[in-house]
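In our numbering, the protein residues as written are 1 to 88.
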């Protein structure tokens, strides 16, 4: 968001342009994903992540991997992937 010079509301609005249904991501959801407080979320739906990433890419024209900071390694013991049988 910083690189694209967007506020939470502006990013939420930009996601409407990449969502085929035009609904986009709610500002409250963007806020929870970007926050570090009690309401912060560490994961989201794939479509939410895709709309946010695509909206940021369109605003910056940067490669998607340049838009996100990933830690060098994870110490998490939580498995976050699903088997193919669980995919819907």
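We treat Cβ as the ideally placed atom computed from N, Cα and C, and that holds for glycine.
8 Å Cβ cutoff met for residue i and residue j
| i | j | result |
| --- | --- | --- |
| residue 26 | residue 59 | no |
| residue 5 | residue 51 | no |
| residue 62 | residue 3 | yes |
Cβ neighbours of residue i in the same chain (closer than 6 Å, five flanking residues each side left out)
| i | result |
| --- | --- |
| residue 64 | 53, 57 |
Span separating the alpha-carbon of residue i from that of residue j
| i | j | result |
| --- | --- | --- |
| residue 94 | residue 32 | An answer regarding residue 94 cannot be provided, because it is not within the stretch 1 to 88 covered by the chain. |
| residue 35 | residue 41 | 8 Å |
| residue 8 | residue 39 | 15 Å |
| residue 12 | residue 1 | 11 Å |
| residue 43 | residue 37 | 14 Å |
Nearest-angstrom beta carbon gap, residue j and residue i [assumed within contact, 8 Å]
| i | j | result |
| --- | --- | --- |
| residue 29 | residue 48 | 6 Å |
Nearest residue (CA-CA) to residue i, options the options
| i | options | result |
| --- | --- | --- |
| residue 45 | 37, 24, 1 | 24 |
Residues near residue i by beta carbon distance below 8 Å, same chain, minus five either side
| i | result |
| --- | --- |
| residue 22 | 16 |
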